[in-house]
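All residue numbers for the sequence shown refer to my numbering, where the first residue is 1 and numbers rise by one.
Every residue gets a Cβ at the ideal spot worked out from N, C-alpha and C, and that includes glycine.
Report on the structure given below.
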Amino acid sequence: MQIRVAVEADLSAIIQIYNAAIPSRLATADLEPISVESRRTWFRSHGDRYPVWVITIGDRNFQSDQNEKIIGWLSLQMFYGRPAYHKTAEVSIYIDPMFQGKGIGKKLLSHAIAQCPKLNITKLVGFVFAHNAASRRLFERLGFTEWGFLPEIAELDGIDQSLVIFGKII
(Lines of atoms letter the chains of each structure in order from A and count residues from 1; the text may use other names and numbers.)
(Lines give C-alpha, C1' and ligand atoms only; values in the text may rest on other atoms or scores of the structure.)
Protein backbone atom coordinates (compact mmCIF):
# COMPACT_ATOMS: atom_id res chain seq x y z
CA MET A 1 0.00 0.00 0.00
CA GLN A 2 1.10 3.50 -0.75
CA ILE A 3 -0.30 6.88 0.23
CA ARG A 4 0.38 9.70 -2.18
CA VAL A 5 -0.96 13.11 -3.10
CA ALA A 6 -3.78 12.75 -5.60
CA VAL A 7 -3.45 14.03 -9.15
CA GLU A 8 -6.31 15.10 -11.36
CA ALA A 9 -6.17 11.79 -13.23
CA ASP A 10 -7.26 10.15 -9.94
CA LEU A 11 -10.50 12.13 -9.84
CA SER A 12 -12.55 9.44 -11.56
CA ALA A 13 -11.54 6.82 -8.95
CA ILE A 14 -12.11 9.33 -6.13
CA ILE A 15 -15.63 10.02 -7.37
CA GLN A 16 -16.34 6.33 -7.88
CA ILE A 17 -15.47 5.64 -4.23
CA TYR A 18 -17.49 8.66 -3.10
CA ASN A 19 -20.53 7.59 -5.11
CA ALA A 20 -20.29 4.09 -3.64
CA ALA A 21 -20.82 5.65 -0.20
CA ILE A 22 -24.07 7.41 -1.13
CA PRO A 23 -26.48 4.43 -0.98
CA SER A 24 -25.38 3.42 2.53
CA ARG A 25 -26.49 6.80 3.91
CA LEU A 26 -23.57 6.61 6.36
CA ALA A 27 -20.89 8.95 5.07
CA THR A 28 -22.35 11.73 2.95
CA ALA A 29 -25.42 13.91 2.79
CA ASP A 30 -25.49 13.65 -1.00
CA LEU A 31 -28.49 11.59 -2.06
CA GLU A 32 -27.65 11.04 -5.73
CA PRO A 33 -24.38 10.17 -7.47
CA ILE A 34 -22.18 13.07 -8.50
CA SER A 35 -20.14 13.47 -11.66
CA VAL A 36 -16.43 13.90 -12.13
CA GLU A 37 -17.06 17.22 -13.87
CA SER A 38 -19.10 18.51 -10.93
CA ARG A 39 -16.10 17.96 -8.64
CA ARG A 40 -13.29 19.16 -10.88
CA THR A 41 -13.33 22.67 -9.35
CA TRP A 42 -13.40 21.13 -5.84
CA PHE A 43 -10.37 19.01 -6.69
CA ARG A 44 -8.46 21.93 -8.20
CA SER A 45 -9.15 24.04 -5.10
CA HIS A 46 -6.99 21.63 -3.10
CA GLY A 47 -3.30 22.23 -3.23
CA ASP A 48 -0.20 22.11 -1.10
CA ARG A 49 -2.00 23.49 1.98
CA TYR A 50 -5.13 21.33 1.80
CA PRO A 51 -4.16 18.16 -0.06
CA VAL A 52 -6.15 15.18 -1.22
CA TRP A 53 -4.35 11.90 -0.59
CA VAL A 54 -5.14 8.53 -2.10
CA ILE A 55 -4.15 5.14 -0.79
CA THR A 56 -3.34 2.56 -3.44
CA ILE A 57 -2.51 -1.08 -3.82
CA GLY A 58 -0.34 -2.45 -6.59
CA ASP A 59 2.56 -0.78 -8.31
CA ARG A 60 2.36 2.60 -9.95
CA ASN A 61 3.80 2.48 -13.42
CA PHE A 62 4.28 6.03 -14.62
CA GLN A 63 3.70 4.98 -18.21
CA SER A 64 0.43 3.31 -17.24
CA ASP A 65 -1.56 3.31 -14.00
CA GLN A 66 -3.17 -0.05 -14.85
CA ASN A 67 -1.37 -1.89 -12.01
CA GLU A 68 -2.40 0.63 -9.36
CA LYS A 69 -5.83 0.63 -7.69
CA ILE A 70 -7.05 3.51 -5.54
CA ILE A 71 -8.85 2.00 -2.54
CA GLY A 72 -9.50 5.13 -0.51
CA TRP A 73 -8.92 8.83 -0.23
CA LEU A 74 -8.78 11.61 2.31
CA SER A 75 -9.05 15.34 1.80
CA LEU A 76 -8.33 18.34 3.94
CA GLN A 77 -10.13 21.57 3.32
CA MET A 78 -10.31 25.00 4.83
CA PHE A 79 -12.64 25.06 7.82
CA TYR A 80 -15.46 27.58 7.69
CA GLY A 81 -13.80 29.78 5.09
CA ARG A 82 -12.71 32.55 7.46
CA PRO A 83 -9.07 33.66 7.98
CA ALA A 84 -9.08 33.21 11.77
CA TYR A 85 -9.54 29.45 11.25
CA HIS A 86 -6.41 29.15 9.07
CA LYS A 87 -4.82 26.53 11.36
CA THR A 88 -7.93 24.31 11.37
CA ALA A 89 -8.83 21.91 8.59
CA GLU A 90 -11.88 19.77 7.93
CA VAL A 91 -11.08 16.16 7.12
CA SER A 92 -13.13 13.89 4.84
CA ILE A 93 -12.36 10.23 4.30
CA TYR A 94 -13.85 7.60 2.00
CA ILE A 95 -12.87 3.96 1.53
CA ASP A 96 -13.80 1.59 -1.30
CA PRO A 97 -16.54 -0.68 0.12
CA MET A 98 -14.47 -3.78 -0.75
CA PHE A 99 -11.68 -2.54 1.54
CA GLN A 100 -13.65 -1.20 4.50
CA GLY A 101 -12.89 -2.70 7.89
CA LYS A 102 -9.28 -3.51 6.92
CA GLY A 103 -7.48 -0.61 8.57
CA ILE A 104 -7.30 1.54 5.42
CA GLY A 105 -9.08 4.48 7.06
CA LYS A 106 -6.72 4.32 10.03
CA LYS A 107 -3.69 4.43 7.71
CA LEU A 108 -5.05 7.44 5.80
CA LEU A 109 -6.13 9.39 8.86
CA SER A 110 -2.85 8.65 10.68
CA HIS A 111 -0.98 9.91 7.61
CA ALA A 112 -3.01 13.13 7.55
CA ILE A 113 -2.42 13.74 11.25
CA ALA A 114 1.33 13.21 10.79
CA GLN A 115 1.39 15.70 7.89
CA CYS A 116 -0.46 18.48 9.75
CA PRO A 117 2.60 20.10 11.36
CA LYS A 118 4.21 20.48 7.91
CA LEU A 119 0.98 22.08 6.66
CA ASN A 120 0.77 24.47 9.65
CA ILE A 121 -2.50 22.82 10.70
CA THR A 122 -2.96 22.51 14.45
CA LYS A 123 -6.56 21.30 14.62
CA LEU A 124 -8.61 18.82 12.61
CA VAL A 125 -12.39 18.53 12.58
CA GLY A 126 -14.49 15.79 11.09
CA PHE A 127 -18.24 15.63 10.62
CA VAL A 128 -19.67 12.14 11.12
CA PHE A 129 -23.27 10.97 11.08
CA ALA A 130 -24.15 9.75 14.59
CA HIS A 131 -25.35 6.41 13.18
CA ASN A 132 -21.99 5.75 11.45
CA ALA A 133 -20.45 3.59 14.18
CA ALA A 134 -17.37 2.58 12.15
CA SER A 135 -16.34 6.17 11.40
CA ARG A 136 -16.99 7.23 14.98
CA ARG A 137 -14.70 4.44 16.21
CA LEU A 138 -12.01 5.43 13.69
CA PHE A 139 -11.92 9.04 14.83
CA GLU A 140 -12.05 8.09 18.51
CA ARG A 141 -9.22 5.54 18.15
CA LEU A 142 -7.01 8.24 16.67
CA GLY A 143 -7.59 10.64 19.54
CA PHE A 144 -10.46 12.74 18.24
CA THR A 145 -13.09 13.75 20.78
CA GLU A 146 -16.63 14.97 20.38
CA TRP A 147 -16.62 18.73 20.02
CA GLY A 148 -20.22 19.15 18.97
CA PHE A 149 -23.52 17.45 18.26
CA LEU A 150 -26.17 18.61 15.80
CA PRO A 151 -29.38 16.68 16.50
CA GLU A 152 -31.52 15.53 13.56
CA ILE A 153 -29.87 17.99 11.18
CA ALA A 154 -30.06 15.84 8.04
CA GLU A 155 -32.94 13.97 6.44
CA LEU A 156 -31.89 10.72 4.79
CA ASP A 157 -34.68 8.70 3.21
CA GLY A 158 -37.29 10.33 5.43
CA ILE A 159 -35.33 9.74 8.64
CA ASP A 160 -33.79 12.62 10.57
CA GLN A 161 -30.14 11.92 11.36
CA SER A 162 -27.79 13.63 13.77
CA LEU A 163 -24.23 14.78 13.12
CA VAL A 164 -21.28 14.49 15.49
CA ILE A 165 -18.44 16.97 15.17
CA PHE A 166 -15.13 15.37 16.10
CA GLY A 167 -12.01 17.40 16.77
CA LYS A 168 -8.37 16.85 17.53
CA ILE A 169 -5.69 19.29 18.57
CA ILE A 170 -2.44 18.28 16.86
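Which residue comes first and which comes last in the beta strand (DSSP E) that contains residue i?
i, result
"Y94", "T88 to I95"
Would you mind reading off the limits of the alpha helix (DSSP H) that contains residue i?
i, result
"G101", "Where G101 is concerned, there is no enclosing alpha helix (DSSP H), given that its DSSP letter is neither H nor E."
"E8", "Note, E8: premise wrong, no alpha helix (DSSP H); not H, not E."
"S45", "V36 to S45"
Contact check, residue i vs residue j under 8 Å by CB: the rounded distance?
i, j, result
"I93", "G105", "6 Å"
"S162", "F144", "17 Å between Cβ atoms; not a contact."
For residue i, tell me which candidate among the options has the shortest Cα-Cα distance.
i, options, result
"L119", "E140, W147 and T88", "T88"
"L156", "L11, A13, T28 and M1", "T28"
"L11", "L31, Y80, R25 and F43", "F43"
"I153", "K69, R39, N67 and V128", "V128"
"C116", "I57, S75 and D96", "S75"
"K123", "I169, S135, L109 and A9", "I169"
Let me know if residue i comes out buried or exposed under the rule of 16 or more other beta-carbons within 10 Å of its beta-carbon.
i, result
"D160", "exposed"
"G158", "exposed"
"L138", "buried"
"S135", "buried"
Can the beta-carbon of residue i be found less than 7 Å from the beta-carbon of residue j?
i, j, result
"H46", "V52", "yes"
"W73", "I14", "yes"
"V125", "F79", "yes"
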